[in-house]
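Asks:
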Amino acid sequence: MEGFISRFTFYTTAQVSNLRYMFHVIGILIFWSGDFTVSAQLHFTEVTSQAGIHFQHVDGRSGEKYFVEVYGSGAAWFDYDRDGDIDLYLVNGSDLPGTHSDILPTNALYCNNGDGTFTDVTVSAKVTDGGYGFGCCVGDYDNDGFKDLYVTNFGANLLYRNNGDSTFTDVTEGAGVGDKRWGTSAAFADYDNDGHLDLFVANYADYQLENNLVCHRMNFRTYCPPDDFAGIPDALYRNNGDGTFRNITQEAEMFHTNGKGLGVAWGDYNNDGYPDLLVANDMTPDMLYRNNADGTFTDVALFVGVALSAQGVAMGGMGANFGDYDNDGWLDLVVTNFQDDPNSLHRNLRDSTFSDITYVTKFGGIGLPYVGWGVDFVDLDNDRHQDLFVVNGHVYDNIEKFEPTYTYAQQNHLFRNLRDGTFGEISDQCGPALRLKKVSRGAAFGDYDNDGDIDILITNSNQTPDLLRNDSINPNHWLIIETIGTQSNRDGIGARVKVTVGGMSQIREVKSGSSYLSQSDMRLHFGLGAAQKAVLVEIRWPSGVVDRFSDVKPNQFLQVTEGEEPKQSE
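If you count the sequence shown from 1, you need to add 2 to reach the numbering used here.
Set out below in structure tokens:
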């Protein structure tokens, strides 16, 4: 804990003293509003190379337009060595017929050095998977205190067990989770609240390289559309509690052949204490699986208003997430979509249904010329209201030739929560890092430098990733909470944390996976505005235990063990 605080002090002092931030400070407009929040100019700096991250995504393109080339890939923030700094895992593609790399592309693990830089430890950590990768998620499936890693592939998926000594072991075969179909997003969750993490894996399409189709648009060869391929069932694995899993997709009533799953997010949307599941499907109806608390699920998406567009048609769903943007204690949801379909924002009406507020909130129309992928609700300025961040990039690398109004590389979008039920798109106001135009896919969020604000890692198709350091200068306070389960699963995945400040409450849930193919930091970040304390912190654990703590100091990393009083920093 002292290490956390000292690092926070160092980064804050260094930033203020550095002349390049003086211009930001001068330009900040600060005002005190009725809810005791300070507004500040958001600013992000692209620091990938200087942080020591030298990763190149490879999609294996050779001109044959293999369907798998356009979808990858994801990334994960997680503290694999338990030193208090979140580390970074990046998923890679591989060679396809017609290409040959001198050095086989692999996924990569970067260890956070705690000073703003990273070291590539892929080989020493024994995570050198050379398969054609797509997504990843994190969860301590064996409750030993060390986070394990699951990787989805075009081919057999992988489960890496964290050995607790900075190495991993491939335990896929013994665990029984090596699905050989085309896996995309995945996420751990304790769906039955038995203390053991279960695993959901979204699968995409029935596609084989040897049966590659040839498609054209206006005489230009391009990638075939998803409608040309059949969907395949997703998979739900129940944790047996002995290091193995059992595929229970059919008995859980999740076996559907019409989905083409890309985005996945767990969240308790109806506040009944059991995690529900959102699946974004590509050109087929999205799914919202209500947890029936008896080992089964019911897809209620059509009935609650989140399966289709406002016009009643299926959209090209990519990324998915839950978050409470209006701070009413109920999870809302967002899904990113293909061009000409708006990214969808649905407000939870607190009666087990949702309202499509895509346009009312001024969120949807901006995304129409774009193809959206990774997405999350994140409070990037610590003002107690969650913003929305969306990454964009087209799938057709020659789109300009047959649809000149669209582009392959695209700018990402930051929608600031204006605290009046609407959002304002402010990417151009946040520095050069948010004006970059790349072919983005995954987005993972976490405070990698432990300075109290959320940074962003963006993966880009067939390009290098972008690490965007949050350099916003503002006096808003914050609180970051790490959950440790005892009766519940060790990570506390599924725990709901409510923080009350100034008469307003915020909720977050600890989750694995989400966004698109990615894993954000499991530590929960709360902006506190100008408040000098959190009046109340309440944690509802998956076990049913509820812990409450009063007068929690701001600007600290609070580690909370289920059923115990946390030790606050001095």
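Just so you know, even glycine gets a beta-carbon here, dropped at the ideal spot from N, CA and C.
What does DSSP give as the partner residue(s) for ASP89 in the beta ladder?
Replies: For ASP89, which the question treats as bridged, DSSP gives the partners PHE80.
Asks: Where do the ends of the alpha helix (DSSP H) carrying ILE573 lie?
Replies: Because the chain here runs from 3 to 572, residue 573 falls outside it and cannot be looked at.
Asks: Taking the alpha-carbon positions, what's the GLN570 to THR485 distance?
Replies: Near 14 angstroms, if we compare the C-alpha coordinates of THR485 and GLN570.
Asks: Is ASP131 helix, strand or coil when you go by DSSP?
Replies: Here ASP131 sits in coil by DSSP.
Asks: With a Cβ-Cβ cutoff of 8 angstroms, do PHE1 and MET285 count as a contact?
Replies: Outside the shown range of the chain, which is 3 to 572, sits residue 1, and nothing can be said about it.
Asks: Using a threshold of 8 angstroms, state whether the C-beta atoms of ALA78 and VAL140 are closer than that.
Replies: Going by C-beta atoms, ALA78 is nearer than 8 angstroms to VAL140.
Asks: Thinking just about the alpha-carbon of each residue, which of CYS432, PHE417, GLN431 is nearest to the one in PHE425?
Replies: It is PHE417 whose Cα lies nearest to the Cα of PHE425.
Asks: When burial is assigned at 16 or more other CB atoms within 10 Å of the CB, is GLN412 buried or exposed?
Replies: Buried, because 16 or more other Cβ atoms sit within 10 Å of the Cβ of GLN412.
Asks: Within the continuous beta strand (DSSP E) that includes LEU347, where are the two ends?
Replies: Looking at the DSSP string, the run of the beta strand (DSSP E) that includes LEU347 is 346-350.
Asks: Express the C-alpha separation of ASN294 and PHE25 in angstroms, rounding to a whole number.
Replies: Bear in mind that a pLDDT of 32 at PHE25, under 50, signals an unreliable position, so the number given afterwards is only what the model happens to contain. Going by the C-alpha atoms only, they are around 54 angstroms apart.
Asks: Mind checking who ASN419 pairs with in its DSSP beta bridge?
Replies: DSSP, once it has assigned bridges, lists PHE425 as partnering ASN419.
Asks: How long is the line joining the alpha carbons of ASN283 and GLY376, rounded to whole angstroms?
Replies: Distance between the alpha carbons of ASN283 and GLY376 is about 14 angstroms.
Asks: Let's see if you can read the secondary structure: which residues bound the beta strand (DSSP E) around GLU567?
Replies: Segment: none, GLU567 is in no beta strand (DSSP E) and carries neither H nor E.
Asks: Does DSSP classify CYS74 as helix, strand or coil?
Replies: The identity of residue 74 in the sequence shown is Gly, whereas the question assumes Cys. It is coil, neither helix nor strand.
Asks: Please classify ALA295: does DSSP put it in a helix, a strand, or coil?
Replies: In the structure shown, ALA295 sits in coil (DSSP, three-state: anything other than H, G, I, E or B).
Asks: Sorted by chain position, which residues of the same chain lie with C-beta nearer than 7 angstroms to ARG84's C-beta, five sequence neighbours on each side aside?
Replies: Hits under 7 angstroms: PHE148.
Asks: Let's test the definition: count the other Cβ atoms within 10 Å of the Cβ of GLN508 and tell me whether it reaches 16, buried, or not, exposed.
Replies: With 16 or more other Cβ atoms within 10 Å, it is buried.
Asks: Spatial neighbours of ARG248 within its chain, please: C-beta separation below 8 angstroms, excluding the five flanking residues on both sides.
Replies: Excluding sequence neighbours, ARG248 sits near GLY178, TYR239, ARG240, ASN242.
Asks: In or out: PHE305 buried (at least 16 other Cβ within 10 Å) or exposed?
Replies: Exposed, because fewer than 16 other Cβ atoms sit within 10 Å of the Cβ of PHE305.
Asks: Which residue wins for smallest C-alpha separation from GLY265, given the options GLY366, GLY86, TYR73?
Replies: Comparing Cα-Cα distances from GLY265 to each of GLY366, GLY86, TYR73, the minimum goes to TYR73.
Asks: Going by other Cβ atoms of all chains shown within 10 Å of its Cβ, with 16 needed for buried, is ASN478 buried or exposed?
Replies: Label assigned to ASN478: buried.
Asks: Report yes if the CB atom of LEU481 is closer than 8 angstroms to the CB atom of ALA536, and no otherwise.
Replies: Yes, Cβ-Cβ distance for LEU481 and ALA536 is below 8 angstroms.
Asks: With DSSP as the reference, label GLY487 as helix, strand or coil.
Replies: Correct three-state label for GLY487: coil.
Asks: In terms of residue numbering, what span does the beta strand (DSSP E) encompassing GLU48 cover?
Replies: That run of the beta strand (DSSP E) goes 46-48.
Asks: Using a Cβ-Cβ cut-off of 7 angstroms (strictly less than) and excluding sequence neighbours within five positions of LEU420, which residues of its own chain qualify?
Replies: Excluding residues within five positions, the ones whose Cβ falls inside 7 angstroms are GLY426.
Asks: Please classify PHE257: does DSSP put it in a helix, a strand, or coil?
Replies: Looking at PHE257 - three-state DSSP - the assignment turns out to be coil, as it is neither helix nor strand.
Asks: Near THR47, what residues of its chain come up, given a Cβ to Cβ distance below 6 angstroms and the 5 sequence neighbours on each side ignored?
Replies: Within the same chain, THR47 has close Cβ partners ALA435, ARG471, ASP473.
Asks: So what's GLN413 in DSSP terms, helix, strand or just coil?
Replies: Looking at GLN413 - three-state DSSP - the assignment turns out to be strand.
Asks: Counting pairs of Cβ atoms below 8 angstroms between the stretch 119-138 and the stretch 149-163, do you hit three or more?
Replies: Contact holds: three or more Cβ-Cβ distances are below 8 angstroms.
Asks: Roughly how many whole angstroms lie between the Cα atoms of SER35 and ASP422?
Replies: Residue placement at SER35 is flagged as unreliable, the pLDDT there being 35, under the threshold of 50; a coordinate-derived value is accordingly withheld.
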